[in-house]
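Enquirer:
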Amino acid sequence: MVEDPRTPTVPGEFTALAHDHRFHLLKARFRRLATTLVAAFLGWYFLYIALSAFARDFMARPAFGHINMALLLGVLQFVSTFVLAWRYTRYARRMLDPLSAQLRDEAQRRQAEREHIEQVMAERRRIENWTRG
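Now the structure itself:
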């Protein structure tokens, strides 16, 4: 089985990052954003379904011209999906991506330090084995 080079090789390699306050902040921000957006989408969607099922007279009412409320609210479902996706992207770029980049850079720096130490130790072992033999 071939190991993915991006996976941790040392047990607990990311334990320090998992306890970092920035990681907890990142998780909390994402959770808050996701909960808000999912609740907004599902609330709006189920309101549309409920109106379609129980307020038929309202949904049949003309909004303007030959467009009734059902069609208008149905089109607004699509619009709201794009607005929520835009909102997520905008928030993620401003609030999530910078923290994520900091944590990723730190993890890569630690990985580079570990690899350097491993190289130094391997060279030391090679020299010790050479001087003994």
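Under full-length UniProt numbering, the first residue of the sequence shown is numbered 1, with each subsequent residue one higher. Cβ coordinates follow ideal geometry from the N, Cα and C atoms, glycine included.
1) Would L25 and L103 be called neighbours here (beta carbons separated by less than 8 Å)?
2) Can you check DSSP and say which residues form a bridge with F64?
3) Suppose you measure from the CA of G65 to the CA of M59; what does that come to, to the nearest Å?
4) Determine the direct distance from the alpha carbon of H19 to that of R110, and round the result to whole angstroms.
5) Suppose you measure from the CA of M1 to the CA of E115; what does that come to, to the nearest Å?
6) To which residues of the same chain is M95 closer than 7 Å at the C-beta, ignoring the five residues directly before and after it?
7) Specify the secondary structure class of D20 as computed by DSSP and reduced to three states.
Expert: Straight from the coordinates:
1) Residue numbering aside, residue 25 sits at position 25 when the sequence shown is read from its first letter. Residue numbering aside, residue 103 sits at position 103 when the sequence shown is read from its first letter. No, the Cβ-Cβ distance between L25 and L103 is not below 8 Å.
2) Within the sequence shown, numbered from 1, the residue matching residue 64 stands at position 64. DSSP, once it has assigned bridges, lists I67 as partnering F64.
3) In the sequence shown, counting from the first residue as 1, residue 65 sits at position 65. In the sequence shown, counting from the first residue as 1, residue 59 sits at position 59. So the two alpha carbons sit approximately 14 Å from each other.
4) Here residue 110 refers to the residue found at position 110 of the sequence shown. Here residue 19 refers to the residue found at position 19 of the sequence shown. Going from the Cα of R110 to the Cα of H19 covers about 15 Å.
5) In the sequence shown, counting from the first residue as 1, residue 1 sits at position 1. In the sequence shown, counting from the first residue as 1, residue 115 sits at position 115. With a pLDDT of only 45 at M1, under the threshold of 50, the placement of this residue in the model should not be trusted; the figure read from the coordinates follows. Going from the Cα of M1 to the Cα of E115 covers about 22 Å.
6) As a working note, residue 95 is residue 95 in the sequence shown. Cβ neighbours of M95 beyond the five flanking positions: R29.
7) For this step, residue 20 is matched to residue 20 along the sequence shown. The answer is coil: DSSP assigns D20 none of H, G, I, E or B.
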